[in-house]
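Visitor: Numbering (my numbering), first residue to last: 65 to 285. Cβ coordinates follow ideal geometry from the N, Cα and C atoms, glycine included. Source: prediction; values computed, not measured.
The following block contains the structure:
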């Protein structure tokens, strides 16, 4: 399913006073439009994508406010019909920041990349430990972003990560699934494997520190 500007206006109806609508982009599952320059509507391309948007909304609402970085803040979730099929969509506040290309990212000073390493590792560790969100019981399973790639990170004026986008593939799985793009050495649109290895090293360091802290607390009980 593809969406025109008029179709977007029709779907929103009178829920929001629309002054402007601009196409932002599309992925495998959804299309995104900017409304009134400060809101983003995410619309599913097919029924499976609608199910993913339902889960994305659920997860985003439960993990809002726990990160140092911004994530989409859902302000409205609703449904519309296309033919006899019902689809879910949501509207969130537009996040500040800009994307960096692979070339722009690898050209950053090492001191900046070191800070990026810490920020990303901390984000992933925090996300992976929100096991209550989807009722995760297995110790080796975590809450995944599901599509953690360079184009889903926004950077601030100092070229540091300030926001994480697109939780459309969020799901339960093993933590290394969120390192697929970080450790990809062939994709010339991603971070670069050397950076990914540094993030993984910092991530494992955080795990060890927290395990040690928990062991100390347990021994003092």
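Starting from the C-beta of residue 241, find all residues in its chain whose C-beta is less than 8 Å away, skip the five residues before and the five after it, and write them out in chain order.
Guide: 208, 210
Visitor: At what residues does the beta strand (DSSP E) containing residue 94 begin and finish?
Guide: Annotation: the continuous beta strand (DSSP E) that includes residue 94 extends over 94-99.
Visitor: For a quick check, are the C-beta atoms of residue 263 and residue 185 less than 8 Å apart?
Guide: yes
Visitor: What separation, rounded to the nearest whole angstrom, lies between the Cα atoms of residue 275 and residue 267?
Guide: Distance between the alpha carbons of residue 275 and residue 267: 12 Å.
Visitor: Using 8 Å as the threshold, is the C-beta distance between residue 257 and residue 249 below it?
Guide: yes
Visitor: On the DSSP bridge list, what partners appear for residue 141?
Guide: 154
Visitor: Specify the secondary structure class of residue 90 as computed by DSSP and reduced to three states.
Guide: strand
Visitor: Going by C-alpha distance, which of 213, 123, 183, 224 is nearest residue 235?
Guide: 123
Visitor: Leaving out five residues before and five after residue 90 in sequence, what residues of the same chain have Cβ atoms less than 8 Å from its Cβ?
Guide: 96, 109
Visitor: Helix, strand or coil: which one does DSSP assign to residue 260?
Guide: helix
Visitor: Since residue 125 and residue 138 are thought to touch, with beta carbons under 8 Å apart, how far apart are those beta carbons, to the nearest angstrom?
Guide: The pair is a contact, with the Cβ atoms about 6 Å apart (cut-off 8 Å).
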